[in-house]
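Each remark here refers to the structure printed beneath this line.
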Amino acid sequence: MYAEVVVDRPIVKRDRRGFVETPEDADRPYPEVEAMNSADGTAPPEANPLALTFHYHIPAYLAGQLQPGHLVAVPFRTQQLTGIVVRLSERSPVEQTKPIVALLDPLPVVTPAQLKLAFWLSQEYIAPLATCLKYFQPPGSGRKPEWWLRPTPAAYQQTEMLPAPAQILLTYLRQQQAVPLAEVDAGPAETLIAKELAYKEARLGQPRVGAKFDRMVELLISPEEIEAVLPTLGRSLKQVEVLQHLADLDDPLPALEAVLAAVGCTKSPVESLAEKGLVEIISAQSRLALPPKPDNAAESELTAAEQSVCAYLETQPGPPLLEAVLAATAVEPAVIAGLVQRQRLIQFDEPVRVTLRLDPADLTETIVQLRGAQRHAEVLRLLAEEDGPVWIGWVYAQTDATLKTLRDLAEANLISLDEARRWRDPLAEHSFSLDTPPQLTPEQQAVWQATQQFWQPDNTDRRPILLHGVTGSGKTEIYLRAMAQALKAGQGAIMLVPEITLAAQTVKRVAARFPGKVAVWHSALSPGERFDTWERVRSGELPLVVGPRSALFAPVQKLGLIVVDEE
100 MYAEVVVDRP IVKRDRRGFV ETPEDADRPY PEVEAMNSAD GTAPPEANPL
150 ALTFHYHIPA YLAGQLQPGH LVAVPFRTQQ LTGIVVRLSE RSPVEQTKPI
200 VALLDPLPVV TPAQLKLAFW LSQEYIAPLA TCLKYFQPPG SGRKPEWWLR
250 PTPAAYQQTE MLPAPAQILL TYLRQQQAVP LAEVDAGPAE TLIAKELAYK
300 EARLGQPRVG AKFDRMVELL ISPEEIEAVL PTLGRSLKQV EVLQHLADLD
350 DPLPALEAVL AAVGCTKSPV ESLAEKGLVE IISAQSRLAL PPKPDNAAES
400 ELTAAEQSVC AYLETQPGPP LLEAVLAATA VEPAVIAGLV QRQRLIQFDE
450 PVRVTLRLDP ADLTETIVQL RGAQRHAEVL RLLAEEDGPV WIGWVYAQTD
500 ATLKTLRDLA EANLISLDEA RRWRDPLAEH SFSLDTPPQL TPEQQAVWQA
550 TQQFWQPDNT DRRPILLHGV TGSGKTEIYL RAMAQALKAG QGAIMLVPEI
600 TLAAQTVKRV AARFPGKVAV WHSALSPGER FDTWERVRSG ELPLVVGPRS
650 ALFAPVQKLG LIVVDEE
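The numbering used here applies: residue 100 is where the sequence shown begins, and numbers increase by one.
Here it is as structure tokens:
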């Protein structure tokens with residue numbers, strides 16, 4: 100299977116860098132020109148030489164995908180150029196054909212009706228068909244041919260000494276695999292090409308204008324889950340594990356050794372928390388108490404110092420600390436030790452303990468700060484207030500988050516980072532009050548009844564309708580009703596107006612009558628606005644186009660009406 104392609108080829112090709120010499124066969128006609136001019140009848144006698152097509156065979160991976168109107172990349176002489184498929188054919192007038200390199204847009208950029216119109220324009224105005232087709236293509240979609248430098252297999256086995264600039268370029272080529280020829284010095288490049296260490300490859304450059312995408316951020320968990328996941332964000336710290344363990348315990352004074360064993364850490368994290376005032380380390384302590392007094396116990400067995408100790412303990416409501424007893428009685432520690440040894444005192448030894456000094460309500464925020472997850476928390480709490488995806492730039496503006504912050508959250512499956520198409524709409528900054536059709540005057544009613552018959556299913560009359568009336572006579576209302584009728588029939592419409600009126604009343608009335616369905620098409624649009632408007636019209640999202648005569652080239656789907664106002 101072959102595709103007939105109208106190639107967007109330059110009339111004169113010169114390379115300023117001198118890498119490409121004029122082909123020796125530049126003056127020889129293309130094979131398909133010879134076929135067109137031959138007497139064997141391969142081309143019709145009335146064939147337009149300005150509408151020349153070139154046959155390319157369709158590679159297997161594109162079989163069944165190509166159709167007339169598709170934008171493709173094709174090899175042409177020593178270059179790679181763009182072209183429009185105008186026909187599919189079972190045969191080719193030349194024996195040897197080159198393959199189509201790539202399909203540049205999955206959807207046709209030119210409709211069958213536009214192809215037919217382009218052929219008519221070429222014939223009628225003696226213009227190259229490629230030039231006529233450009234009017235129908237997306238604004239700014241043209242791609243210039245580029246030359247790239249690529250290493251040959253010999254470049255990876257090179258042992259020959261090269262001049263320093265050439266050696267540097269060769270090393271860079273090995274790393275990058277390919278570099279634009281325009282970005283390197285001509286001398287080293289020519290050296291590598293002459294030594295067969297590199298070769299030139301033809302490619303297509305990027306289009307001047309393309310779709311614009313914004314990165315969007317969306318919360319993937321419910322807002323109620325945020326507080327539970329916050330302590331898990333940020334860097335891992337033993338200090339945090341200690342706090343969480345203490346908060347989960349029923350014992351408010353656990354032994355330090357038990358806490359260290361449970362968390363699996365040294366004493367250092369606990370000491371750091373104590374320095375911050377988040378926990379308190381309670382030193383090992385001993386307490387004293389009197390045992391039950393035997394019936395045969397005699398006070399004479401106790402020394403005066405020992406009696407003073409026992410007398411002090413009898414006055415205490417509970418077991419006092421050993422240090423308090425020593426201070427109150429002024430006895431030596433040996434006195435206490437003797438009493439304990441003779442079981443006249445009971446000594447309770449308590450281990451080093453640790454206790455939480457943090458209000459449980461502040462635990463989450465403290466953990467977030469310790470783990471350095473303040474930015475993560477800001478983002479999650481901000482997104483919890485939104486109903487859907489938000490622009491990443493707005494998240495940056497409202498928080499101190501960085502791209503790393505967002506990637507951390509995305510890796511944890513807490514948010515999504517996606518790209519969303521941002522349409523550049525020239526009408527986005529304008530607001531229009533919904534307009535309802537007014538009551539028609541008798542004259543308007545008569546005109547409208549005569550016009551309605553053209554949308555009857557059995558109507559075959561396609562003659563143009565001429566409305567005659569002075570300014571302000573109500574013609575625009577008839578236009579609007581005709582456009583509404585076209586929409587009802589599943590068709591699109593184009594309204595042609597003089598350029599000077601585009602920013603005024605007509606656009607306002609049409610947009611107010613058909614909100615969200617109107618495209619404005621004129622020369623004052625930015626390239627990005629023109630590109631996006633073209634795509635939205637092609638997709639059928641905007642079935643109504645208002646503009647000057649150039650709006651005729653808009654890719655309106657199922658075009659059913661053209662209004663020419665005051666031409």
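Ideal Cβ positions, reconstructed from N, Cα and C, are used throughout, including at glycine.
| Query | Result |
| --- | --- |
| Minimum length 4: unbroken alpha helix (DSSP H) runs contained in the segment 510–597 | 541–551, 574–587 |
| Inter-residue Cα distance where the pair is residue 597 and residue 650 | 11 Å |
| Between the CA atoms of residue 474 and residue 369 - distance to the nearest angstrom | 26 Å |
| Assigned secondary structure, residue 632 (DSSP; H/G/I helix, E/B strand, else coil) | helix |
| For residue 213, three-class secondary structure by DSSP | helix |
| C-alpha gap between residue 619 and residue 310, whole angstroms | 18 Å |
| Inter-residue Cα distance where the pair is residue 158 and residue 106 | 18 Å |
| Residue 533 beta carbon less than 7 Å from that of residue 581 | no |
| Neighbourhood of residue 334 by C-beta distance below 7 Å, restricted to the same chain and skipping five residues each side | 470, 471 |
| Cβ contact check for the segment 401–411 and the segment 423–435: 3 or more pairs under 8 Å | yes |
| Rounded separation between residue 199 and residue 625 - CA only | 32 Å |
| According to DSSP, residues forming a beta bridge with residue 155 | 102 |
| Three-state class that DSSP yields for residue 354 in the structure shown | strand |
| Segment contact flag, the segment 261–268 with the segment 213–233, C-beta cutoff 8 Å, min 3 pairs | no |
| Residue range of the unbroken alpha helix (DSSP H) whose run includes residue 492 | 491–497 |
| Whole-angstrom distance between residue 175 and residue 274, CA atom to CA atom | 29 Å |
| For residue 284, the nearest candidate out of 248, 219, 423 (CA to CA) | 248 |
| The segment 201–212 touching the segment 163–179, judged by at least three CB pairs closer than 8 Å | yes |
| Residue 529 to residue 376 span [Cα, whole Å] | 58 Å |
| Rounded separation between residue 509 and residue 348 - CA only | 33 Å |
| Ranges of the alpha helix (DSSP H) found wholly within the segment 391–429, counting only runs of at least 4 | 403–413, 421–428 |
| Rounded straight-line distance, which links the Cα of residue 422 to that of residue 379 | 20 Å |
| Inter-stretch contact at 8 Å, needing at least 3 Cβ pairs: the segment 607–617 / the segment 513–532 | yes |
| As assigned by DSSP and simplified to three states, the class of residue 371 | helix |
| Distance, residue 541 Cα to residue 657 Cα | 32 Å |
| Three-pair Cβ contact test at 8 Å for the segment 314–328 versus the segment 211–222 | no |
| CB contact flag (residue 362, residue 326, <7 Å) | no |
| Those residues which DSSP pairs with residue 311 across a bridge | Answer by DSSP bridge pairing: none, since residue 311 is not bridged. |
| Complete alpha helix (DSSP H) runs within the segment 160–212 (minimum length 4 residues, chain order) | none |
| Residue 275: first and last residue of the uninterrupted alpha helix (DSSP H) it sits in | 263–275 |
| Spatial distance of residue 461 from residue 330 (CA atoms) | 12 Å |
| Environment of residue 414 [buried if 16+ CB atoms lie within 10 Å] | exposed |
| Span separating the alpha-carbon of residue 278 from that of residue 246 | 9 Å |
| Simplified DSSP state of residue 255, which is helix, strand or coil | helix |
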